[in-house]
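Read the structure below first, then the notes.
Written as structure tokens, this is what we have:
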């Protein structure tokens, strides 16, 4: 099912598999504005793939295309070896793509545990009548999924706030709960939209540690958008660089760092 | 002092998931059930049943139903009166068409019919939300009342245009009609209330409830994690209308006995039930009961005080009553916007530490 032909080894010795997500010649327009211009790139199994670029480059739009929020006017999205027809965001989620948001999108009225449990909703299949009876199938399913959620909660070290309403939590913890919700669904591809925006150094270190160990322990494929270059260069295996909707660089962090177009986009070019 | 969770250890997720995790709450709940089922039926007379218990119980069911829609799923509805009318007319048609079938089954079927109608009128919720949806459900309210007024088939071509409940029995004891004992309709309603509350609680604590609340809190994020908004909203409308329909059926068949649709199920009823859940607490089963109790008891209480104790003329008291109830609602909402349920929660938090808060 997966294209296993060309994997590669990372510098730290992890084996990266075949292509999970393949974006082919994606073009996305909003009226007359071309947010994404003819971009192709792939995400391979087990890797951490970063998408970077200056503000307004179209990074978030790209993530929204992957998660089914926007349907591109041109181009094809291939997921796990087959072309994905245009689908609704919830169908994309049911395929195993989970994401977090730039500005946190948690369910404020619910407790942390309930929020994480919502990540399991795709795996909870009992019908309305069984739910109404509760005893039996519904309760069994609840407990099974609770166990998976508790593992994620342990993993991200948020046991102590399990029953706290999300609205009461500070920003950094909310970001972590959002990651927990995405992880609870055991995604095949995890999209992180600026997981470290607005965090202090300590929280960034924590978050980086979590992202690395998620990738390491569960083998989750991760695509992330981030502005902190230090973080991006340290975390990611390969980087896509976008500017004004175009792809201007693609490769390992070192390759990207030395790419003249990328340097120009970030530092500007003198017009003399 | 007695209200403690210290030492009350949970060793399984089942135990952690139960409705009343604290022992004291659990015992109090059993005590309330015992009193309601085994003590009150022997003590009440017609006045208590008709002035307090029946309206309280029936409005509780309606409030639970509306709370599922408004409080748990965040879809504002002003069509409660209309949906109650659907329940009432459904049970009337069923009672007269199949007299040999038990009234209890008719009431549940009436709930089912209302659920279908509710889902139909819930369809606009997929496109519009907030105030605009409220206006759309308002259309349901007026349309349904108009329909039951204008189409004679619904009231079996009776000359008055009213519907009146024929006598029906459960296990040989009349529960509808003119010859009921006080306790029989009370018990019927109590059974329905208990079951409704249990079902509502089970639905809201599991996967279905989380889908509803996810839609309520942030519908875009809900969709991104895999909640289908169509099914989530429509099940909410269905389940909500099911309860509201049962409430309407009981309101007509067991409580009033005879009904003129515009009067009994008008827009006032929609607002009354909406106020109940706002005052009681949105997104709380207990709040549904508290709100129903508040709005049923307050007028009765005021009337007894003003007319009974102070000896004021009835018409003056009736007008004052409106003003006092209105004033209390406003004060109350300013003081505690999250309703009686929130007061209750805060009280319990305090009680857990009492008398040594440190």
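Protein chains in written order, with the working numbering: chain A, 1 to 272; chain B, 273 to 630. Using N, Cα and C, we set each Cβ at its ideal position, and we do this for glycine too.
Following the DSSP letters along the chain, one finds residue 334 of chain B inside the alpha helix (DSSP H) bounded by residues 326-339.
Boundaries of the alpha helix (DSSP H) around residue 300 of chain B: 295-306. Contact annotation: the segment 327-345 of chain B touches the segment 512-519 of chain B, with at least three C-beta pairs closer than 8 Å. Taking 8 Å as the threshold, the shortest C-beta distance from residue 492 of chain B to chain A falls below it.
By the C-beta density criterion, residue 377 of chain B is exposed, having fewer than 16 other C-beta atoms within 10 angstroms. Counting only runs that start and end inside the segment 103-173 of chain A, the alpha helix (DSSP H) elements of at least 4 residues fall at 112-118, 128-133 and 137-155. For residue 455 of chain B, the enclosing alpha helix (DSSP H) has its first and last residue at 455-477. Listed by position along chain B, the residues whose Cβ is nearer than 7 Å to that of residue 124 of chain A are 479. According to the DSSP assignment, residue 312 of chain B belongs to no beta strand (DSSP E) but to the alpha helix (DSSP H) extending over 312-315. Close to chain A, meaning a Cβ-Cβ distance shorter than 8 Å, are the following residues of the segment 491-523 of chain B: 492, 493, 494, 495, 496, 497, 498, 499, 500, 501, 507 and 511. Between the C-alpha atoms of residue 494 of chain B and residue 91 of chain A there is a straight-line separation of about 12 Å. The Cβ-Cβ distance between residue 531 of chain B and residue 434 of chain B falls below 8 Å. Contact of residue 58 of chain A with chain B by beta-carbon distance below 7 Å is absent, the smallest such distance being about 19 Å. By the criterion of a C-beta distance shorter than 6 Å, residue 611 of chain B is surrounded in its chain by 551, 552, 553 and 559, once the five residues flanking it on both sides are discounted. C-alpha of residue 546 of chain B to C-alpha of residue 345 of chain B: approximately 14 Å in a straight line. Under the 8 Å criterion on CB atoms, residue 136 of chain A is classed as non-interfacial with respect to chain B. The criterion of a C-beta distance shorter than 8 Å is satisfied by residue 158 of chain A and residue 177 of chain A. The Cβ neighbour count for residue 196 of chain A, taken over all protein chains shown within 10 Å, is at least 16; the residue is labelled buried. Residue range 229-235 is occupied by the alpha helix (DSSP H) that includes residue 232 of chain A. Cβ-Cβ separation between residue 393 of chain B and residue 409 of chain B: approximately 6 Å, consistent with a contact (criterion under 8 Å). The segment 90-108 of chain A makes contact with the segment 65-81 of chain A; the number of CB pairs closer than 8 Å reaches 3 or more. Using a Cβ-Cβ cut-off of 8 Å, residue 391 of chain B does not count as an interface residue toward chain A, since no Cβ of chain A sits closer than that to its own. Per the Cβ contact rule, the segment 348-358 of chain B is in contact with the segment 536-546 of chain B (3 or more Cβ pairs under 8 Å).
Closest option to residue 478 of chain B, judged by alpha-carbon separation, among A:138, A:259 and A:233: A:138.
Of the other Cβ atoms in all chains shown, fewer than 16 fall within 10 Å of the Cβ of residue 311 of chain B; this residue is therefore exposed. For the pair residue 208 of chain A and residue 562 of chain B, the Cα-to-Cα distance works out to about 47 Å.
Only residues of its own chain outside the window of five on either side were considered, and among them 454 have a CB closer than 6 Å to the CB of residue 316 of chain B, listed in chain order. One Cα belongs to residue 300 of chain B, the other to residue 619 of chain B, and the distance between them is close to 15 Å. For residue 78 of chain A, the beta-bridge partners assigned by DSSP are A:22 and A:83. Counting along the chain, no beta strand (DSSP E) covers residue 628 of chain B, and no H or E run does either.
Residue 208 of chain A has a beta carbon lying at 8 Å or more from every beta carbon in chain B. The segment 468-482 of chain B makes contact with the segment 120-139 of chain A: 3 or more CB pairs, one atom from each, lie closer than 8 Å. At a cut-off of 8 Å between beta carbons, residue 410 of chain B makes no contact with chain A. The C-alpha of residue 446 of chain B is placed about 24 Å away from the C-alpha of residue 426 of chain B. Taken in chain order, the complete beta strand (DSSP E) segments of 3 or more residues contained in the segment 366-403 of chain B number zero; there are none. Between the beta-carbon of residue 190 of chain A and that of residue 220 of chain A there is about 5 Å, and that keeps the pair under the 8 Å contact cut.
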